[in-house]
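A quick write-up on the structure given underneath.
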Amino acid sequence: MSQVARSTLTCPRCQQPFTAVIEQVVDVGQDPQAKARFLSGRLNQVTCPNCGFTMAVGTPLVYHDPAKELLLIYVPMELNLPTNERERLIGDLTRRVTQNIPQGQFKGYLLQPRQALTLPGMIDTILEADGITAEIREAQREKMRVMEMFLQVSPDQWPQMVAEQDAHIDQEFFQMLLATAESAAESGHGGMAEGLVALYNFLLQNTAVGQSMMDAAAEQEAIVQEVAEQLQSLGDQITRESFMDLVLSYVGDEEHLQALVGLIRPAMDYGFFQELTERVERADGEEREQLIDLRERLLELTSVLDQQTQAVLQRAANTLRVILNSEDIDAAIRPRLDEIDDTFLAVLQANLQAAQQRGDKETVERLAQVLQRTMEILRENAPAEIRFINDLMSAPSEAEAHGLIDARGAQFGPELIQLMDAIAQDLEDNGQDDNAARLRSLSRYAAGHVGSTP
Numbered sequence: 012m013s014q015v016a017r018s019t020l021t022c023p024r025c026q027q028p029f030t031a032v033i034e035q036v037v038d039v040g041q042d043p044q045a046k047a048r049f050l051s052g053r054l055n056q057v058t059c060p061n062c063g064f065t066m067a068v069g070t071p072l073v074y075h076d077p078a079k080e081l082l083l084i085y086v087p088m089e090l091n092l093p094t095n096e097r098e099r100l101i102g103d104l105t106r107r108v109t110q111n112i113p114q115g116q117f118k119g120y121l122l123q124p125r126q127a128l129t130l131p132g133m134i135d136t137i138l139e140a141d142g143i144t145a146e147i148r149e150a151q152r153e154k155m156r157v158m159e160m161f162l163q164v165s166p167d168q169w170p171q172m173v174a175e176q177d178a179h180i181d182q183e184f185f186q187m188l189l190a191t192a193e194s195a196a197e198s199g200h201g202g203m204a205e206g207l208v209a210l211y212n213f214l215l216q217n218t219a220v221g222q223s224m225m226d227a228a229a230e231q232e233a234i235v236q237e238v239a240e241q242l243q244s245l246g247d248q249i250t251r252e253s254f255m256d257l258v259l260s261y262v263g264d265e266e267h268l269q270a271l272v273g274l275i276r277p278a279m280d281y282g283f284f285q286e287l288t289e290r291v292e293r294a295d296g297e298e299r300e301q302l303i304d305l306r307e308r309l310l311e312l313t314s315v316l317d318q319q320t321q322a323v324l325q326r327a328a329n330t331l332r333v334i335l336n337s338e339d340i341d342a343a344i345r346p347r348l349d350e351i352d353d354t355f356l357a358v359l360q361a362n363l364q365a366a367q368q369r370g371d372k373e374t375v376e377r378l379a380q381v382l383q384r385t386m387e388i389l390r391e392n393a394p395a396e397i398r399f400i401n402d403l404m405s406a407p408s409e410a411e412a413h414g415l416i417d418a419r420g421a422q423f424g425p426e427l428i429q430l431m432d433a434i435a436q437d438l439e440d441n442g443q444d445d446n447a448a449r450l451r452s453l454s455r456y457a458a459g460h461v462g463s464t465p
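For the sequence shown, our numbering assigns the number 12 to the initial residue and increments by one for each residue that follows.
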């Protein structure tokens, strides 16, 4: 049975019915990213296609984490279900989780799902299992309350509030600000997201913690730039010896080593470490100890980076697997749009090519369908400016593209031109000079046709 389903809802603002995708099964064993959607409040946030109103849909929900042996069920009290209907629903939700579990992996906790009276109570149980205590959760909630207090007053009162709430403004507060802004933007609350970003920038400039973060970021950026320039100075004919000399010049310099690994990880391959080991064996005394420490630290840094890369790839593979196995591809894609990025598309393309090479026609057709619907849904959900630029670039001729600008250009402000120029620069950086030139030409024409405000 699918973890997602379509449901017909009526918008409370415009009273128009529309079809939405609702998730009732959060199984982090099958879909690890579902946990983040649920805990961030993005699960079952739907937007009316008619008026743009975003709302949270209250629905029965089952949460399963096999690693923590958690099976939680929430049935909204407002549904006012009779006891027998409630029990039938709980049994159905439980079966939706357990029906795909192999017999040998079935455990006792699956026979006794724990019921949560409220969604916050369910979230507390999940966080408690992750080792996040009640004290930690209360401290985070207090930070959220402080965040809301800032948004409830005008910006000219923020300096006074900074003085009053300074004890709550730390690096975690800044992280929560950004996470909340991202969640607000994804759920259609653009005004709230803008307010949070404005608050973030204000606090960066006007708090000791913010200044410290800016100084650290500037220092890190300067180090990365310095290492990049030194790599560039080695030229196109860089040799293993010249690269090794650069690495050795950073002995004992943690920040430069981290920047170097991040910039040129592929160069630190088996041959590199073999040569470094040979240098260790030829050295003695203090130099030998320094080289041993360097080798161990580089092994640690490359391992961490590889694990991070593998985790990103694994998340993309998990998302693809969930979509492929869904009865309704569209219903599986739409709640996961925030998980669909360049890595996901690369994994999808790689799987498609592999299926083609082994002649697996059924898998090729399914993957091709996922790719087609993913691209179509991404286009549907792209900002209006992006959709318009895509329309311009897809126009068969320059004259037809100019016609689109004549007809619709006034709907957009100067930000359209800035975006077109930025995309053109990105195309140039990726060697797509012809597309870049065409977009720059269209940008020059559009400059005389956009409105004065967005």
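Positions of the beta carbon are idealized from the N, C-alpha and C atoms, including for glycine.
Everything numeric in this text was worked out from a predicted model, so none of it was measured.
Just verifying my parser: in three-state terms, what is the DSSP assignment at Phe254? Walking along the sequence shown from the start, residue 254 turns up at place 243. When secondary structure is reduced to three states using DSSP, Phe254 falls in the helix class.
Looking at C-beta atoms only, is the number of pairs between the stretch 221 to 230 and the stretch 254 to 262 that lie closer than 8 Å three or more? The answer is no - the stretch 254 to 262 does not touch the stretch 221 to 230, with fewer than three Cβ pairs under 8 Å.
So is Met346 buried or exposed if we call it buried at 16+ other beta carbons inside 10 Å? Here residue 346 corresponds to residue number 335 of the sequence shown, with the count starting at 1. According to the sequence shown, residue 346 is Pro rather than Met. Buried is the call here.
Just confirm the distance between the C-beta atoms of Val86 and Arg97, as a whole number of angstroms; I'd bet it's less than 8 Å. Along the sequence shown, one-based indexing puts residue 86 at 75. Along the sequence shown, one-based indexing puts residue 97 at 86. Indeed, because the Cβ distance is near 6 Å, the residues count as touching under 8 Å.
Residue from Asn362, Leu450, Ala406 and Ser337 whose Cα sits closest to the Cα of Asp42: Taking the first residue of the sequence shown as position 1, residue 42 is located at position 31. The option with the nearest alpha carbon to Asp42 is Ser337.
Could you tell me the boundaries of the alpha helix (DSSP H) in which Gln486 lies? Only positions 12 to 465 of the chain appear in this structure, which leaves residue 486 out of reach.
Reduced DSSP secondary structure (H/G/I, E/B, other) of Met133: By 1-based counting over the sequence shown, the position of residue 133 is 122. Judged by DSSP in its simplified three-state form, Met133 adopts helix.
In chain order, what residues of the same chain lie with their CB nearer than 7 Å to the CB of Ala239, ignoring the 5 residues before and after it? By one-based count along the sequence shown, residue 239 stands at place 228. Excluding residues within five positions, the ones whose Cβ falls inside 7 Å are Leu274.
Option in Val461, His460, Gly462 and Leu430 with minimal Cα separation from Ala447: For the purposes of this step, residue 447 is taken as the residue at position 436 of the sequence shown. Check the Cα spacing between Ala447 and each of Val461, His460, Gly462 and Leu430: the tightest is with Leu430.
Does DSSP classify Val15 as helix, strand or coil? What you label residue 15 is simply residue 4 of the sequence shown in a count that begins at 1. Assigned with DSSP and collapsed to three states, Val15 falls in strand.
Out of curiosity, what's the CA-to-CA distance linking Gly69 and Val157? Counting from one through the sequence shown, the residue named residue 69 turns up at place 58. Counting from one through the sequence shown, the residue named residue 157 turns up at place 146. Taking the straight line from one Cα to the other gives about 27 Å.
Tell me which residues share the same chain as Asp341 and place their Cβ nearer than 8 Å to its Cβ, disregarding the 5 neighbours each side in the sequence. As a working mapping, residue 341 is identified with position 330 in the sequence shown. These residues qualify, in order along the chain: Val32, Arg384 and Ile388.
Would you call the stretch 367 to 382 and the stretch 403 to 422 touching, i.e. three or more CB-CB distances under 8 Å? Segments in contact, no.
DSSP state of Asp76 mapped onto helix, strand, coil: Counting from 1 along the sequence shown, the entry for residue 76 is found at position 65. Note: Asp76 maps to strand in three-state DSSP.
Can you grab the Cα-Cα spacing for the pair Met155 / Arg326, in whole Å? Taking the first residue of the sequence shown as position 1, residue 155 is located at position 144. Taking the first residue of the sequence shown as position 1, residue 326 is located at position 315. CA-to-CA, the gap between Met155 and Arg326 works out to about 28 Å.
Could you give the distance in angstroms between the alpha-carbon of Asp353 and the alpha-carbon of Ala395? On the sequence shown, position 342 is the one that residue 353 refers to. On the sequence shown, position 384 is the one that residue 395 refers to. Taking the straight line joining both Cα atoms gives about 20 Å.
Please report the distance separating the alpha-carbon of Arg17 from that of Leu403. Here residue 17 is taken as the residue at index 6 of the sequence shown, counted from 1. Here residue 403 is taken as the residue at index 392 of the sequence shown, counted from 1. Distance between the alpha carbons of Arg17 and Leu403 is about 33 Å.
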